[in-house]
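Scroll down for the structure; my scribbles are underneath it.
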């Protein structure tokens, strides 16, 4: 089934204990698209500035990503500079320049409006609602959010939650939104306010899914090879949505499997800077790592 | 098979966001014994002072715990006062009085020396070695440790590691011991220094097992009902060792199942103060919660 992502496209500069990467491709829509396109076609809506490097554009074109919705706008591309230290659990933002992303009002191309699966990457809830307003009748819409919107656009976020099938956010954000330290209660609080499903990303501690049929928890893929966590959350969402769209199913069982596929997909992102590792993953490699993940997390019946 | 625990018996006073418990029974050997005795008989070696309440003694006697090794020594029982705040991830110690535990040199009763499964609860590595020296030929010895010994008795701890089959410790301790932030590498570092297996407890984030045949990771039991985490780690070890002793097996598959049983056993401890919840668990309740745990963590094949 068709899968649409609306989100940011960025030029990142990142420093981690493993090294640095200067002016590399990043942004939620990029990581999501790279991840989801391992499973099938992806439609992308986003904006870049006139400085967006030709080689980044070409790299996107080489994948099964439909760039009909990629706008080149007057101005500069969104830039993020950040660093990770120690266990790399948290990014320290050194500089952000929203540039063309600041006034980005996504226009979904007419040919994308029938998309059945929709991922609204982190952005203002009102912008996310503006995207939904343009869609015909998506089967499954998943929205991401962050602390900024929880603090400053809470009403918009609550409105959005009534419009989507699922909300994805990290553990700190779930606690902040629900004002509850317990993640299971936080997920229930969220599900009581609109979405059928809530997915909480816990970084190196894995993920949690709450739906009408209960709870599901999965560890992260156990990796000794963490280089740069940037984009792992969006890669997780990309693997999850790519899997669901390819299976054309959205029940609890499919979502559990989606969580596992998202986990395994994200494990590649972490292993190198930018999309250097994720961009080279074959379906065979993904299947192989999925088997490894099952060996590491599943008991024999 | 026979199972021995050597550890502390304490009188705890605990404050959590859910309430307080004053002068309740605690200590590593107590939580371990309560947990393991759901699976079968346990032999306990420990010391209490003359002030140890008769009702605590009777409560221990009511369970299948052999108290042949319980010494009543002149002086007072080990006392701990602590508090948990927020998400209760870390205890804040308000007061510790080691009392009779300070000079405790465990003497293993002759009738306990043939024990096949041995749990050396957290204590000085030299004391733990002193216990091992008294044992005939245990099939599987598991030792717990803590930051105090990693800092102050590192040589003793490394000597102990060469004598046991497995080491269990929490995530912060594993990082401190190995001087590596990555838990998988930390576990490998430990396994390279003696034990066949390393088990890392990650509190609300579950546990990790490293053995000669690879890695296994499990989430914690998803619970909305956290009242007091005191003793959860020792209950986890008790469920794990109780299960292994009851199955009379110690290969990787058995340890994976042991991890799951330890997880589920510990989930009861958290639900009330002291052993109030754990002490009332029946085998049926444990089996039922195990099924719930499998539903929450295992994918359909």
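Chains as they are written, first to last, in the numbering used here: chain A, 9 to 309; chain B, 9 to 309.
Every residue, glycine too, gets a C-beta built ideally from N, C-alpha and C.
Note that the structure is predicted; figures quoted are calculated from it, not measured.
Nearest CB-CB separation between residue 297/A and chain B: not below the 8 Å threshold.
With fewer than three CB-CB distances shorter than 8 Å, the segment 87-97 of chain A does not count as touching the segment 113-125 of chain A. Secondary structure note for residue 79/B: its beta strand (DSSP E) is the uninterrupted segment 73-80.
Within 10 angstroms of the beta-carbon of residue 156/B lie fewer than 16 other beta-carbons, which makes it exposed.
Counting along the chain, the unbroken alpha helix (DSSP H) around residue 292/A starts and ends at 291-305. Non-local beta-carbon contacts of residue 230/A in its own chain, meaning distances under 6 Å to residues more than five positions away in sequence, involve 304 in chain order.
Taking a 10 Å sphere around the C-beta of residue 168/A, we find 16 or more other C-beta atoms and assign the residue as buried. Not one beta carbon of chain B lies nearer than 8 Å to the beta carbon of residue 109/A. With distances taken between CA atoms, residue 200/B lies nearest to 218/B out of 218/B, 211/B, 33/B, 113/B. In this structure, the alpha-carbon of residue 288/A lies about 42 Å from that of residue 274/B. Looking at the DSSP output, residue 175/B shares a beta bridge with 151/B, 206/B. Residue 116/A counts as buried, since at least 16 other C-beta atoms from the protein chains shown sit within 10 angstroms of its C-beta. Chain A places no beta carbon closer than 8 Å to that of residue 272/B, leaving this residue out of the contacts. The alpha-carbon separation between residue 232/B and residue 95/B amounts to approximately 11 Å.
When DSSP states are grouped into helix, strand and coil, residue 188/B belongs to the coil group.
One finds 190 in chain A with Cβ atoms closer than 8 Å to the Cβ of residue 234/B, taken in chain order. As summarised for the segment 237-264 of chain B, the continuous alpha helix (DSSP H) elements at least 4 residues long and confined to that stretch are 240-255, given in chain order. Close to residue 214/B, with beta-carbon spacing below 9 Å, are these residues of chain A in chain order: 213, 214, 225, 227. The three-state reading of DSSP puts residue 235/A in coil, since its state is none of H, G, I, E or B. Taking 8 Å as the CB threshold, residue 257/B stays off the interface with chain A. Interface flag for residue 181/A against chain B is unset, since no Cβ pair is found closer than 8 Å. By the criterion of a C-beta distance shorter than 8 Å, residue 250/B is surrounded in its chain by 11, 43, 44, 45, 46, 47, 48, 50, 269, 273, once the five residues flanking it on both sides are discounted. Counting along the chain, the unbroken alpha helix (DSSP H) around residue 68/B starts and ends at 62-69. Against chain A, the beta carbon of residue 305/B has neighbours under 8 Å at 224, 225, 226, 305, listed in chain order.
In the structure shown, the three-state DSSP call for residue 215/A is strand. Between residue 261/B and chain A, the shortest Cβ-Cβ separation is below 8 Å. Excluding the 5 residues flanking it on each side, residue 220/B has same chain C-beta neighbours closer than 7 Å at 204, in chain order.
Listed along chain B, the residues sitting closer than 7 Å to residue 265/A by beta-carbon distance are 307. Residue environment for residue 72/B: exposed (fewer than 16 other C-beta atoms within 10 angstroms of its C-beta).
At a cut-off of 8 Å between beta carbons, residue 241/A makes no contact with chain B. The C-beta of residue 51/B comes no closer than 8 Å to any C-beta of chain A. The C-beta separation of residue 188/B from residue 36/B comes to about 26 Å, leaving the pair out of contact by the 8 Å criterion. Residues of the segment 75-95 of chain B whose Cβ lies closer than 7 Å to any Cβ of chain A, in chain order: 94, 95.
Within chain A, the residues 307 have their CB atoms less than 7 Å from the CB of residue 268/B, given in chain order. Going by beta carbons, residue 271/B and residue 226/B fall inside the 8 Å limit. For residue 132/B, there is no enclosing alpha helix (DSSP H), as DSSP marks it with neither H nor E.
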